[in-house]
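Worksheet: one structure, shown below.
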Amino acid sequence: MTTSIPSIAAAYDEAPVTLLRRRRLLLLGGLLALAFALPPLLGSDYWLNAILIPFLVLSLAGLGLNLLTGYTGQTSVGAAGFMAVGAFATYGLLLRVPGLPLPLALLGGGLIAAAVGWLFGIPSARIKGFYLMVTTLAAQFFLEWVFAKFPWFYNHASSGTISAPRLELFGYNLATPAGRYLLALSCVVLLTWVAHNLVRSQIGRNWMAIRDMDTAAAVIGIPVERYKRQAFAVSSFYLGIAGALWAFAYLGTASAGSFDINRSFQILFIIIIGGMGSIAGNFLGAAFISLLPIFLNHAGQWLSGGHVDTGQLQNLQKVIFGALIIWFLVKEPEGLIRLLRNLAERLRRWPLRF
Amino acid sequence: MNVFLETLIGGLLAGTMYSLVAIGFVLIYKASGVFNFAQGAMLLFAALTFVSLREQGVPTVLALLLTVLVMIVGALLIERTVLRPLVNRSQITLFMATLGLSFIIEGLAQGLMGAQVRALDLGIEDVPLFFGEIMVSQFDLVAAGTAVALVILLALLFNKTRIGISLRAVADDTRAALSIGINLNRIWQIVWAVAGIVGLVAGLLWGARQGVQFSLSLVVLKALPVLIIGGFTSIGGAIVGGLIVGAAENLAEAYLGPLIGGGITPWFAYFLALVFLYIRPAGLFGERTIERV
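Taken in order, these protein sequences are the chains called A and B. Under my numbering, think of the first position of the first sequence as 1, with each following residue one higher. Under my numbering, think of the first position of the second sequence as 1001, with each following residue one higher.
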């Protein structure tokens, strides 16, 4: 006869964990509900257009790069190149396949980006570290050149730019700020959930083993080369969708120049500042990166009484940016997410510390 | 045939300009394992400082000395504020720190000295010289000569002086060097200062060629394929890599470019580097790393 009553010790062990989990789920659910209900609450489109949409898209791009750099340990400075693939592929699909629904076009764009990412991941089998990083630079410059050079990609437009042909879903028009916001939000929520599960699966654990030491990972029987290429592909899938959203949900009209090397650096900074190898860190990093320029702008205008030299402001911004990155690397190499966790831990124990 | 030779020689000479940038990289990487992305920004900063001093009416020699001084002070500051706190961190962390550093230096350079394009006249006339049928730019010859002189100077520094020998000891085995009493921080300061001075030389030549402006800091992107081909740890490799990239780029633009639409210089060098990497994953003269579990 088996007993159906779990031992007291086991119940005691589990209780706080489930409690914490439930609390976290509630918090997350509340946050999501708020996020989806936000557009009507805000009133003005400025917040959606200038802050929330870029924030969401940059978070997604950060997530994509983090899967490759933070989880698999393959530093890439070609993120924007893969974003460009996603944007131009989605554009091409929407334009050339009549009646293709938007989600499928996005998915297709992501898959094409994944294929290109897989291709540029092939050298990772033989090349490591900085040498590999330079090959991602090759991807960046090559892709930028391709999308600027061949008119087929931008439908022979004289301006060399692409803009969304139609943003609609089941008859709903998504071209309004609120619609574009909800589109970006849905993609981000869905893909974040997938990534969250992915990194806890066998795949994610293999990636992390490779990141920590690929020779050791190979020794314990992980097919290192395959998983590295796979990480490149999955990362590019995310970046591709982020690129499509950047072009159509945020910019509206994009060109190869919208995905230059500075965008790649921006996304790299998001994951450094937010936290390498953390899902939530991307959101913190993206919030930081997208809000800091706005804040500096306002602060500069306030301090100088409106007579601010935009050139000097940009230089100042650069200096502050660089200093912050170094400061983060020195003080908190695990990024904003670690700061947040430390803070949460302190709050939980406050005021009775043990 | 003459066109081919002209393109080839022009490319080789232009390649020495890439080598000049790459040498600064190699120095720092050898001595501290730091992939210094800020080398381009240092180049811009040095050239801008020099030009600004000249505009203030400072005589050339004095301006040069002052710029060298500024670069040395900069190296001391960088060692103190960036490298020392990050000692023993992973190479990727240090690389990202230099990325941040490049933002600071670029912002400072443009904030303090302006963003407009400045002409820099080194007194070298850019006149074509003819060797038989083949035309060579005099400026390119001077640049190549400078690169050669610099390499000889560095080779002497590394092989014949006490400092150079300690530098090589640190590059060879940091821990062993520390244990026999070599001051690591001092070595880093020296290496960054020397890289700054190499940056000044490269900045002056590049600046004279294309004007002193922000795009100078982008030559760093030109130097990366050179490093890949030559290997991160070899000054000779930087020279050979520069020559290969310069020549191949010029030839490709002339012969391959028209076939696929032109404008291929931004990425061609990288593809060349990729091909080399596939054959030799640590570059032509790089050291193969042995990993132990």
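Ideal placement from N, C-alpha and C gives every residue a C-beta, glycine not left out.
Residue i CB to nearest chain A CB: under 8 angstroms?
i           : result
Ile-1050(B) : Per the sequence shown, residue 1050(B) should be read as Phe rather than Ile. Judged by the 8 angstroms Cβ criterion, Phe-1050(B) is not in contact with chain A.
Ile-1239(B) : no
Gly-1024(B) : no
Gln-1110(B) : yes
Tyr-1018(B) : no
Tyr-1278(B) : yes
Thr-1233(B) : no
Glu-1249(B) : no
Phe-1035(B) : yes
Phe-1285(B) : no
Ala-1273(B) : yes
Ile-1228(B) : yes
Gly-1263(B) : yes
Phe-1103(B) : yes
Is residue i helix, strand or coil when you go by DSSP?
i           : result
Val-173(A)  : Checking the sequence shown, residue 173(A) turns out to be Asn, not Val. Strand.
Leu-1318(B) : Residue 1318(B) lies beyond the range of chain B shown here (1001 to 1293); nothing can be said about it.
Tyr-12(A)   : Residue confidence for Tyr-12(A) is low, a pLDDT of 49 falling below 50, so the modelled location carries little weight; the figure read from the coordinates is stated next. Helix.
Arg-211(A)  : helix
Glu-1079(B) : helix
Ile-261(A)  : helix
Arg-1118(B) : strand
Thr-1233(B) : coil
Glu-1253(B) : helix
Ser-1166(B) : helix
Ala-1155(B) : helix
Trp-350(A)  : coil
Ile-1180(B) : coil
Thr-192(A)  : helix
Leu-1274(B) : helix
Val-1212(B) : strand
Ala-157(A)  : coil
Glu-1106(B) : helix
What residues from chain B crowd round residue i, counting only those whose CB sits closer than 7 angstroms?
i          : result
Phe-141(A) : Pro-1266, Trp-1267, Tyr-1270
Val-224(A) : Under the 7 angstroms cutoff, chain B gives no residues; its nearest Cβ is about 12 angstroms from Val-224(A).
Leu-272(A) : Note that residue 272(A) is Ile in the sequence shown here, rather than Leu. Chain B residues near Ile-272(A): Met-1096.
Counting only C-beta atoms, is residue i closer than 8 angstroms to chain B at any point?
i          : result
Val-134(A) : yes
Arg-126(A) : yes
Ser-290(A) : no
Thr-215(A) : yes
Ala-10(A)  : With a pLDDT of 49 at Ala-10(A), under the threshold of 50, the modelled position of that residue is not reliable, and no figure is offered here.
Lys-149(A) : yes
Phe-265(A) : yes
Leu-251(A) : no
Ala-138(A) : yes
Pro-103(A) : no
Gly-281(A) : no
Please return the same chain residues whose Cβ sits closer than 7 angstroms to the Cβ of residue i, not counting the five positions on each side in sequence.
i           : result
Arg-1280(B) : none
Glu-1249(B) : Gly-1011, Thr-1265, Phe-1268, Ala-1269
Met-1(A)    : Reliability fails at Met-1(A), whose pLDDT of 43 lies under 50, so the model's placement of it is uncertain and the value that follows must be treated cautiously. Contacts found: none.
Thr-72(A)   : Trp-207, Ile-210, Arg-211, Lys-228, Ala-231
Tyr-250(A)  : Ile-53, Pro-54, Val-57
Could you list which residues in chain A have their beta carbon closer than 7 angstroms to that of residue i, in chain order?
i           : result
Val-1082(B) : Ile-326
Ile-1092(B) : Thr-75
Ala-1115(B) : Gly-311
Leu-1086(B) : Leu-329, Val-330
Note down, in chain order, every chain A residue with its Cβ under 8 angstroms from the Cβ of residue i.
i           : result
Leu-1259(B) : Within chain A, no residue comes near Leu-1259(B); the closest Cβ sits about 13 angstroms away, beyond 8 angstroms.
Gly-1100(B) : Phe-321, Gly-322, Ala-323, Leu-324, Ile-325, Ile-326, Leu-329
Ala-1075(B) : In chain order: nothing, as chain A lies at least about 16 angstroms away.
Gly-1196(B) : Within chain A, no residue comes near Gly-1196(B); the closest Cβ sits about 17 angstroms away, beyond 8 angstroms.
Got a sec? Which residues, its chain only, sit under 8 angstroms from residue i by beta carbon, not counting five neighbours each side?
i           : result
Leu-1027(B) : Leu-1154, Val-1191, Val-1194, Ala-1195, Val-1198, Ile-1235
Thr-1067(B) : Ala-1046, Thr-1049, Phe-1050, Leu-1053, Leu-1200
Val-77(A)   : Met-133, Thr-136, Leu-137, Gln-140, Ile-261, Ser-264, Phe-265, Leu-268
Is residue i close to chain E, meaning its C-beta is less than 8 angstroms from at least one C-beta of that chain?
i          : result
Gly-322(A) : Absent here is chain E; the protein component of the structure consists of chains A and B.
Any heavy atom of the ligand ADP closer than 7 angstroms to the CB of residue i?
i           : result
Val-1136(B) : Because no ligand of any kind appears in the structure shown, any question about the ligand ADP cannot be addressed here.
Suppose the cutoff is 6 angstroms on Cβ atoms and the five residues either side in sequence are ignored; what does the same chain contact list for residue i look like?
i           : result
Leu-169(A)  : Leu-102
Trp-1188(B) : Ser-1032, Glu-1079, Leu-1083
Under 9 angstroms Cβ-Cβ, which residues of chain B neighbour residue i?
i          : result
Asn-315(A) : Glu-1106, Gly-1107, Leu-1108, Ala-1109, Gln-1110, Gly-1111, Leu-1112, Ala-1115
Pro-54(A)  : Those do not exist, as Pro-54(A) stays about 20 angstroms from chain B at its closest Cβ, beyond 9 angstroms.
For a contact meaning CB atoms closer than 8 angstroms, what does residue i contact in chain B?
i          : result
Phe-130(A) : Phe-1035, Gln-1091, Phe-1095, Phe-1232
Pro-123(A) : Leu-1274, Leu-1277, Tyr-1278
_At least 3 beta-carbon pairs within less than 8 angstroms: the stretch 316 to 333 of chain A vs the stretch 285 to 296 of chain A_ = Three or more Cβ pairs closer than 8 angstroms define a contact, and the stretch 316 to 333 of chain A meets that threshold against the stretch 285 to 296 of chain A.
*Do the stretch 1161 to 1171 of chain B and the stretch 1015 to 1026 of chain B make contact, defined as three or more Cβ pairs closer than 8 angstroms?*
The count of Cβ pairs closer than 8 angstroms, one atom from the stretch 1161 to 1171 of chain B and one from the stretch 1015 to 1026 of chain B, stays below three, leaving the stretches out of contact.
*Can at least three beta-carbon pairs, one atom from the stretch 38 to 52 of chain A and one from the stretch 229 to 246 of chain A, be found at a separation below 8 angstroms?*
no
*Using 8 angstroms as the threshold, is the stretch 343 to 353 of chain A in touch with the stretch 1205 to 1212 of chain B, meaning 3 or more CB pairs across them?*
no
*asked:* When you compare the stretch 184 to 196 of chain A with the stretch 77 to 91 of chain A, are there three or more beta-carbon pairs, one atom per stretch, that lie closer than 8 angstroms?
replied: Too few Cβ pairs lie closer than 8 angstroms, so no.
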